[in-house]
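**Q**
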Amino acid sequence: MSQVLSKSPKHCAKQGLSIDKSYKKIFFAFSSFFSTVLAFIFLIWLILHPAKPQFSLREADIYQLNLSGPHLLNSSIQLTLLSKNPNKKVGIYYDKLQAYAAYKGQQITVDTSLPPFYQGHEESNLLTASLEGKGLPVAPSFGYEVGRDQTAGRIVLNLKTNRQKASLMNNYNAVKLFNPEQIRAKHPTLDKRREDASRHLWHKINKEKNEVEGERKCQPFICKMLLL
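For any residue, its number in this note's numbering is found by taking its place in the sequence shown, counting from 1, and adding 253.
1) With the cut-off set at 8 Å, would you say S366 and K387 are in Cβ contact?
2) Below 6 Å CB to CB, which residues in the same chain sit around A354 once its five sequence neighbours on both sides are set aside?
3) By DSSP's criteria, D314 is part of a beta bridge. Which residues make up the other side?
4) I'd like to know whether the C-beta atoms of L325 and P368 end up nearer to each other than 8 Å.
5) Look at the alpha carbon of P339 and the alpha carbon of Q351, and state the distance between them as a whole number of angstroms.
6) Counting along the chain, where does the alpha helix (DSSP H) carrying A405 start and finish?
7) With a threshold of 6 Å on Cβ separation, who are the neighbours of L380 within its own chain once the five nearest residues in sequence on each side are excluded?
8) From E375 to P306, what does the alpha carbon distance come to, in whole angstroms?
9) How far does the beta strand (DSSP E) with V376 in it extend, from its first residue to its last?
10) DSSP on K305, reduced to helix/strand/coil?
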């Protein structure tokens, strides 16, 4: 003979309340954990409050920038940068930084790796980079555009860095990773001592154009370097 078990409505109500209380306890535990983690991260940020490093261009020397063929470019550019860490409580470790020069969207040097280095609190460092390129393909209008900008008296080059990571560090360990997206030069002027040599190099770039239009003198120019 089978036995039928039945539960009263009061018993079912009590069981439902116990299940609801269990879910509430789990939700409260997870909420407390995540709130604690977020509060800890905010506290670290508030104490350290890291700021982005500052870079300024100290010197830019163009040793070579001429066409070895109709659409092939040889280039050699020497840069001196001043890097400053404005943070009072964090140091910065740079790892695998790469840079290259570009002119109107065209890459005119190969990617060049800068040696890794650590920068302490409120510390400044001088960085040098030699950017070179041999037989790099450029647009057919490259020589004409350079000659036109040269005549206008200003040639703008872009120095771009690949998105490599740097670590912001305190005295104990790393606290944040970031991508140095933008570095802008504060004094982007070419050293006047290099103008005579640069005129000769730019004359080579426009050699074919000068043969058609007639020989002319290269005008002095200012090479403006922007780090973007």
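The beta carbon of each residue, even a glycine, is placed where N, CA and C say it ideally should be. Everything numeric in this text was worked out from a predicted model, so none of it was measured.
**A** The structure says:
1) No, these two residues do not count as a Cβ contact at 8 Å.
2) Result list for A354: I330, I361, T362, L384, L410, L412, in chain order.
3) According to DSSP, which records beta bridges pairwise, D314 is partnered with Q331.
4) No. Outside cutoff.
5) One alpha carbon belongs to P339, the other to Q351, and they sit about 22 Å apart.
6) Its alpha helix (DSSP H) spans residues 395-405.
7) So the list reads L334, S336, once near-sequence residues are dropped.
8) Taking the straight line from one Cα to the other gives about 10 Å.
9) The amino acid at residue 376 is misidentified as Val; the sequence shows Glu. For E376, there is no enclosing beta strand (DSSP E), as DSSP marks it with neither H nor E.
10) DSSP places K305 in coil when its eight states are reduced to three.
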